[in-house]
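Novice:
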Amino acid sequence: MPGMGGYKCLQELSRMDPSVKVVISSGYSANGNADAAQAAGAAGFIGKPYRLKELAATVRGILSEMKTGGEANLY
């Protein structure tokens with residue numbers, strides 16, 4: 329993302345739509361990025377490298393929460 333990192337993108341998306349659900353992915357998951365991502369408002373975090381099954385499970389979990397907790401946008 330030229331000129332914008334993942335956390336800045338998360339902030340901008342949240343500003344445009346407070347109900348947005350964002351999954352952050354990083355290769356530095358061991359350094360506390362999962363906690364930082366959730367503290368910044370991310371709906372989920374997945375460390376790189378990841379398998380499609382892991383990504384699908386993360387997205388399914390978020391969609392399941394949306395069904396029980398109200399509608400939101402998933403980007």
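Just so we're on the same page, the numbering used here is the position in the sequence shown counted from 1, plus 328. The C-beta atom is built at its ideal place from N, Cα and C for all residues, glycine as well.
(1) Which runs of the beta strand (DSSP E) fall wholly inside the stretch 358-400 and span at least 3 residues, in chain order?
(2) In chain order, what residues of the same chain lie with their CB nearer than 7 Å to the CB of I374, ignoring the 5 residues before and after it?
(3) Per DSSP, which residues does S342 bridge with? Please list them.
(4) Suppose you measure from the CA of G334 to the CA of G360; what does that come to, to the nearest Å?
(5) Taking the beta strand (DSSP E) that V351 falls in, what are its first and last residues?
Specialist: Well, looking at it:
(1) Segments of the beta strand (DSSP E) lying fully in the stretch 358-400: 372-375.
(2) If you ignore the 5 residues before and after I374, its C-beta comes within less than 7 Å of the C-beta of V351, S353, E382, L383, T386, all in its own chain and listed in chain order.
(3) According to DSSP, which records beta bridges pairwise, S342 is partnered with nothing at all.
(4) Each residue's CA atom was taken as its position, placing G334 and G360 some 15 Å apart.
(5) 351-354
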